[in-house]
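This report concerns only the one structure given below.
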Amino acid sequence: MREDEARRYFQQLINAVDYCHSRGVYHRDLKPENLLLDAYGNLKVSDFGLSALSKQVRDDGLLHTTCGTPNYVAPEVLNDRGYDGATADLWSCGVILFVLLAGYLPFDDSNIMNLYKKISAAEFTCPPWLSFSAMKLITRILDPNPITRITIPEILQDEWFKKDYKPPMFEEKDNTNLDDVEAVFRDSEEHHVTEKREEQPTPMNAFELISMSNGLNLGNLFDAEQGFKRETRFTSTRPANEIIHKIEEAAKPLGFDVHKKNYKVSVS
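Last residue of the sequence shown: 268 (UniProt numbering), numbering continuous.
Here is the structure:
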């Protein structure tokens, strides 16, 4: 794609994402497949199935559900220690910009662990046909450190981004109701992503299942100094209630105390 054309789409993408963030909405699965064009060639962001609302942030001010499309996911999302939704979305925007300009993914590997290593180290190379200012912006967005990663206000002042930029004109309606906004994302909140702790078994997505596999702990990719801890994991196809009941049956006759909370069990 020509650089001026890619710039126009990227400008619209940043405007749309910035608007979502200003309303407390974090997409968490930004990728070309979720970007549409209307009859006038204007970019539209779609598929908010994995989105989160600002009220889903935990006490530490971060989101904690590992989700998204692997090639577009920010390093801190894989780190499993919490992440800022806006900063993670911006990383995905950087990957999209790279794809628009280069025609291929910056991070790609048939081996999922090698892919995550490349993402965590921001290991990518820009093609030679990109302008210096475009490469500079991409490098600042694909910064593996979310603290030093460029922000949207800084992108709006970037030399490459500002060329032929036209600020968006959003129509504000006086009858906007926050309850209506929440209703739009209710399906996402209740069925796709739940940041609140509820009294039911916690579902696991593909990222979490991979990290529990022997030798595939994603956290080790981000913290070389992390101590090692031996763990033994068992899996079962039986319902959680039945498993907990069996643990109680086995532990109590032996004099152990069984403590249960939110489908977590400790035996002492």
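Ideal Cβ positions, reconstructed from N, Cα and C, are used throughout, including at glycine. For clarity, every value in this text was computed on a predicted model and none was experimentally measured.
Using a threshold of 7 Å, state whether the C-beta atoms of A88 and V95 are closer than that.
No, they are not a contact pair.
With a threshold of 16 other CB atoms inside 10 Å of the CB of I141, please say whether the residue is buried or exposed.
By the 10 Å Cβ count, I141 comes out buried.
Could you tell me which uninterrupted alpha helix (DSSP H) segments, each at least 4 residues in length, are contained entirely in the stretch 22-80, listed from first to last along the chain?
Runs of the alpha helix (DSSP H) inside the stretch 22-80: 75-78.
Grab the span of the alpha helix (DSSP H) containing S92 for me, first residue to last.
Residues 85-102.
Let me check one thing: in DSSP terms, what residues is H259 bridge-paired to?
Beta-bridge pairing links H259 to S266.
Simplified DSSP state of D109, which is helix, strand or coil
In the three-state reduction of the DSSP assignment, D109 falls in the coil class, being assigned neither a helical nor a strand state.
Quick check: the Cα distance between M113 and D60, rounded to an integer number of angstroms?
Annotation: M113 to D60 spans about 28 Å, alpha carbon to alpha carbon.
Under 7 Å between the Cβ atoms of W160 and S133?
Yes; because the gap between Cβ atoms is below 7 Å, this pair is in contact.
Pick out whichever of W129, N71, H245, D38 has its Cα sitting closest to the Cα of N111.
The candidate whose alpha carbon is nearest that of N111 is N71.
Given a cut-off of 7 Å, decide if R23 and L50 are closer than it, judged by their beta-carbon atoms.
It is not a contact, given that the beta carbons lie outside the stated cut-off.
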